[in-house]
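A.B. asks: Pasting a structure here, questions to come.
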Amino acid sequence: MSQTKRIAIYGGTFDPVHDGHLAVARSLVELLALDCLMFVPAHTAPHKRSAPPTSPWHRHAMLALATQGEERFRVSSVELEAPERPYSVDTVARLREEFHGARLFFVMGADSWAEITTWREWERLLEMCDHVVVTRPGYELSFEHVPVKIRARVVDLRGSAGGRAPRAVAEGEPPKIFLSDAVSEDVSATEVRRGVARGENLDGLRVPRAVADYINKYGLYRDQA
Ligand code: ATP
């Protein structure tokens, strides 16, 4: 009997991908016994900051470099190829069709979770697949902002070393919101960009070597405040 495939969708701006993203991704492959974790770079994230993000294809290329050799990682261009900037709810709908029959986990950090109620059709999104919220240094994990019926779906995996692959959700059972504290890397893309703009050595900036070389080669982030 073939087992249901378990696929995580890790969306973000990835401007650039850094060691924090990769640590989260590696830990979730273990914790959730994933067949595949898909990084899904967003086209733009206008709510994030006023300067336009780096070209989507640069961000995609850096993800490809950062994930090469990692057997279970994939980089999806689904949002970059969409005719209009999709919301997460559209992307999950699209990936549900593409990976029909798979169990999908949508991944986000505690900072994104804190803003979830501002996302387009966020309640529908939380109904569409399982979610995984990962702790992040500097951000408190809170549930005050979501209704009690959503809090009831939280499964706390904090403190689990790995391999506690959640069982399949039974027919009619609402998807879960898993919590993980498997890693805590205090790094952000903002810090990386600022470090480059200040002329810091890329070796200290907590991105994979191949990503640092790419940033150097294309002179990314040098002019950003
Ligand atoms: P920026 O500094 O530009 O806002 P970022 O470092 O937060 O970027 P994003 O690409 O926005 O990176 O993040 C994509 C997803 O990864 C988000 O859900 C975010 O919460 C999560 N994330 C990013 N960095 C970490 C980290 N160090 N630990 C846990 N989650 C993280």
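All residue numbers for the sequence shown refer to this note's numbering, where the first residue is 3 and numbers rise by one.
In this text, a Cβ means the ideal position worked out from N, Cα and C, and glycines have one as well.
Because the structure is a prediction, the values reported are computed rather than measured.
(1) Measure from the alpha carbon of P44 to the alpha carbon of each residue in V19, V26, L36 and K151, then state which is nearest.
(2) Do the stretch 21-35 and the stretch 173-186 make contact, defined as three or more Cβ pairs closer than 8 Å?
(3) Which whole-angstrom value is the C-beta distance of L181 and D158, which I expect to be below 8 Å?
(4) How many angstroms separate the CA atom of A104 from the CA atom of Q5?
(5) By Cβ distance, which residues of its chain are closer than 6 Å to F16, with the 5 residues on each side in sequence left out?
(6) Which of helix, strand or coil does DSSP assign to R224?
(7) Could you give the DSSP three-state label for V156: helix, strand or coil?
(8) Can you give me the start and stop residues for the beta strand (DSSP E) that D132 sits inside?
(9) Beta carbon of V189: closer than 7 Å to some heavy atom of ligand 1?
(10) Keeping to the same chain, check which residues put their C-beta closer than 6 Å to that of V136; ignore five residues upstream and five downstream.
(11) What residue range does the beta strand (DSSP E) around G197 cover?
(12) May I ask which residues mark the beginning and end of the beta strand (DSSP E) holding S182?
C.D. replies: Working from what's here:
(1) Residue numbering aside, residue 44 sits at position 42 when the sequence shown is read from its first letter. Going by the sequence as given, residue 44 is Ala instead of Pro. Comparing Cα-Cα distances from A44 to each of V19, V26, L36 and K151, the minimum goes to V19.
(2) yes
(3) Counting from 1 along the sequence shown, the entry for residue 181 is found at position 179. Counting from 1 along the sequence shown, the entry for residue 158 is found at position 156. With a Cβ gap of about 5 Å, L181 and D158 count as contacting.
(4) Residue 104 sits at position 102 when you count from the first residue of the sequence shown. Residue 5 sits at position 3 when you count from the first residue of the sequence shown. Each residue's Cα considered, the two are about 9 Å apart.
(5) In the sequence shown, counting from the first residue as 1, residue 16 sits at position 14. Closer than 6 Å at Cβ, skipping near neighbours: P43, R61 and L65.
(6) As a working note, residue 224 is residue 222 in the sequence shown. Correct three-state label for R224: coil.
(7) Translated into the one-based positions of the sequence shown, residue 156 becomes position 154. In this structure, V156 counts as strand in the three-state DSSP scheme.
(8) Position 130 of the sequence shown, counting from 1, holds the residue named residue 132. From DSSP, the beta strand (DSSP E) with D132 extends over D132 to V136.
(9) As a working note, residue 189 is residue 187 in the sequence shown. Yes, ligand 1 has a heavy atom inside 7 Å of this Cβ.
(10) Within the sequence shown, residue 136 is the residue found at index 134, counting from 1. Only V26, G111 and S182 meet the Cβ criterion.
(11) On the sequence shown, position 195 is the one that residue 197 refers to. No beta strand (DSSP E) contains G197, which is instead part of the alpha helix (DSSP H) from A191 to A199.
(12) Mapped onto the sequence shown, residue 182 falls at position 180. Looking at the DSSP string, the run of the beta strand (DSSP E) that includes S182 is I179 to S182.
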